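Working notes, structure below.
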Amino acid sequence: MQTDIDSAYPDAEIYLLGVNERGQDGANEAATDGRDIPWLQEEAESLIWSPWNVVYRDVIILDGNNEIVGVYNLTNNNLGVQENYDTLKSMILEAAGLP
4 MQTDIDSAYP
14 DAEIYLLGVN
24 ERGQDGANEA
34 ATDGRDIPWL
44 QEEAESLIWS
54 PWNVVYRDVI
64 ILDGNNEIVG
74 VYNLTNNNLG
84 VQENYDTLKS
94 MILEAAGLP
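At position 63 of the sequence shown the residue is numbered 66 (the numbering used here), and the sequence of numbers has no breaks.
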């Protein structure tokens, strides 16, 4: 999806990344295997899962002020289904103020 967005909107400042839940460090290798996405590990000093009420496989969409403007769960919405992919992409573009 990052490639699709970058191709359509090369000047847009839209960045997709993953954040692994604190205490789940052992899953980092499996989560990133075969993928090209920045991947961060939540630590005690920088908690986000609890404060943001993240559920496993949530995509949290932030606006330009880093405010949450949307949540899309990938367990419930498999991105292998084109309609789900398009919905998430539209949500991201809308948060960035793009058509």
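Cβ coordinates follow ideal geometry from the N, Cα and C atoms, glycine included.
For clarity, every value in this text was computed on a predicted model and none was experimentally measured.
Mapping DSSP to helix, strand and coil, what is Leu-65? Mapped onto the sequence shown, residue 65 falls at position 62. Leu-65: strand per DSSP, three-state reduction.
CA-CA distance, Gly-26 and Ile-64? Here residue 26 refers to the residue found at position 23 when the sequence shown is read from its first residue. Here residue 64 refers to the residue found at position 61 when the sequence shown is read from its first residue. Cα to Cα, the separation comes out at about 23 Å.
So if DSSP puts Trp-52 in a beta bridge, which residue, or which two residues, is it bridged to? Along the sequence shown, one-based indexing puts residue 52 at 49. DSSP output for Trp-52 lists no bridge partner at all.
When every heavy atom of the ligand FAD is checked, does at least one fall within less than 7 Å of the C-beta of Tyr-75? In the structure on display, the ligand FAD does not appear, and there are no ligands present to speak of.
For Glu-70 and Asp-36, I'd like the C-alpha separation in whole angstroms. Position 67 of the sequence shown, counted from the start, is the residue given in the question as residue 70. Position 33 of the sequence shown, counted from the start, is the residue given in the question as residue 36. Rounded to the nearest angstrom, the two C-alpha atoms are 30 Å apart.
Pull up the distance between the alpha-carbon of Trp-42 and that of Val-57, whole angstroms please. As a position in the sequence shown, residue 42 is number 39, starting the count at 1. As a position in the sequence shown, residue 57 is number 54, starting the count at 1. Distance between the alpha carbons of Trp-42 and Val-57 is about 16 Å.
Using CA atoms only, rank isn't needed, just tell me which of Asn-68, Val-72, Glu-86, Asn-80 is closest to Arg-60. Your numbering for residue 60 matches position 57 in the sequence shown. Minimum Cα distance to Arg-60 is reached at Asn-80.
By the DSSP assignment, the beta strand (DSSP E) with Asn-76 in it spans what residues? In the sequence shown, residue 76 corresponds to position 73, counting from 1. 71-76 is the extent of the beta strand (DSSP E) around Asn-76.
Grouping DSSP H, G and I as helix and E and B as strand, with all else coil, what is Gly-100? Against the sequence shown, residue 100 aligns to sequence position 97. In the structure shown, Gly-100 sits in coil (DSSP, three-state: anything other than H, G, I, E or B).
Just the Cα atoms here: how many angstroms apart are Glu-46 and Thr-78? For this step, residue 46 is matched to residue 43 along the sequence shown. For this step, residue 78 is matched to residue 75 along the sequence shown. Computed Cα separation, rounded: 24 Å.
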